[in-house]
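For reference, the structure is listed below as structure tokens.
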Amino acid sequence: MKFSENRPLAWAVLFVCVLVSIVLFGGLGLREDRQSVEEVFYTGADDAYFSLNGYIDRRAAAAQKLAAMGFALLGDSDAGTLSLSTAVAAVQAADTPDEKLLANAEMARCADGLYARISASEAGERDQKDARMLYADLTDAAGKMAGDEYFARAKEFNRQLHSFPASLLRGLFQIAPLEDSLQ
């Protein structure tokens, strides 16, 4: 039996192997990278006291108390208080880090507005002090969140996602960029 070369077939097999390797392993690698960054959101980095998720939950608890205070001081139909209450519910219902970060940004805007209204109201000194303490909890947590490791890792993942060949694979595997700032 005589051995013969079939170069076109060899090139086709090589091309298919390379294509399958890039597509299959590249797409799976991107998903794993995204999941590892999301894990940092939920569990925190090695040296973190709280995870970003934990800080947002703490902010939501303070915002919920601020909303309750707004209902008591400004009435049950106050638009700013209702907005904050709705924003807190959105934070609590968020399923993904991106949803939670976007809901957190909206909650912060609503809390700023409600705190300004409570401060300008004729609330008693004790109520003003309580509102100031709750608002301080919100802003303190935001300051700690700004330097969280999640944001650095999310930016790196997004940079990787926009490079070649990941930019081609992200559409094929429906991998979206991560939210990488507090806004």
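Residue numbering for the sequence shown follows full-length UniProt numbering, beginning at 1 and increasing consecutively. Even for Gly, the Cβ is constructed at its ideal location relative to N, Cα and C.
**Q.** Stretch-stretch touch, CB-based, cutoff 8 Å, three pairs: the segment 149-163 with the segment 31-47
**A.** yes
Q: Could you pull the start and end residues of the alpha helix (DSSP H) that residue 184 belongs to?
A: Since the first residue shown for the chain is 1 and the last is 183, residue 184 is missing from the structure and cannot be characterised.
Q. Between which two residues does the alpha helix (DSSP H) harbouring Pro-97 extend?
A. Within the sequence shown, the letter at position 97 stands for residue 97. Counting along the chain, the alpha helix (DSSP H) containing Pro-97 begins and ends at 97-120.
Q. Going by alpha carbons, who is nearest to Lys-100 out of Trp-11, Val-88, Ala-111?
A. In the sequence shown, counting from the first residue as 1, residue 100 sits at position 100. The candidate whose alpha carbon is nearest that of Lys-100 is Val-88.
**Q.** Residue from Leu-161, Arg-58, Leu-66, Leu-28 with nearest C-alpha to Lys-144
**A.** Counted from its first residue, the sequence shown places residue 144 at position 144. When only C-alpha atoms are compared, the closest one is Arg-58.
Q: Please say whether Ala-141 and Tyr-55 have beta carbons closer to each other than 7 Å?
A: Taking the first residue of the sequence shown as position 1, residue 55 is located at position 55. Taking the first residue of the sequence shown as position 1, residue 141 is located at position 141. Contact: yes.
Q | CB of Ile-118 within 7 Å of CB of Ala-131, strictly | A | Along the sequence shown, one-based indexing puts residue 118 at 118. Along the sequence shown, one-based indexing puts residue 131 at 131. It is a contact, given that the beta carbons lie within the stated cut-off.
Q: Please classify Glu-179: is it buried, with 16 or more other beta-carbons within 10 angstroms of its beta-carbon, or exposed?
A: Translated into positions along the sequence shown, residue 179 becomes position 179. Buried is the call here.
Q) How big is the Cα-Cα spacing for Ala-62 and Ala-94? A) Here residue 62 is taken as the residue at index 62 of the sequence shown, counted from 1. Here residue 94 is taken as the residue at index 94 of the sequence shown, counted from 1. The alpha-carbon atoms of Ala-62 and Ala-94 are separated by roughly 17 Å.
Q) Comparing alpha-carbon positions, which option in Asp-46, Leu-114, Pro-177 lies nearest Gly-70? A) As a working mapping, residue 70 is identified with position 70 in the sequence shown. For Gly-70, the nearest C-alpha among the options comes from Leu-114.
Q) Using DSSP with H/G/I as helix, E/B as strand and the rest coil, what is Asn-6? A) Counted from its first residue, the sequence shown places residue 6 at position 6. Looking at Asn-6 - three-state DSSP - the assignment turns out to be coil, as it is neither helix nor strand.
Q. Which residues in the same chain as Trp-11 place their Cβ atom closer than 7 Å to its Cβ, once the five residues preceding and following it in sequence are excluded?
A. Walking along the sequence shown from the start, residue 11 turns up at place 11. Nothing listed; no residue qualifies.
Q) Between Leu-138, Ala-67, Asp-98, which lies nearest to Ser-181 when the distance is taken from Cα to Cα? A) In the sequence shown, counting from the first residue as 1, residue 181 sits at position 181. Here the closest residue by C-alpha is Asp-98.
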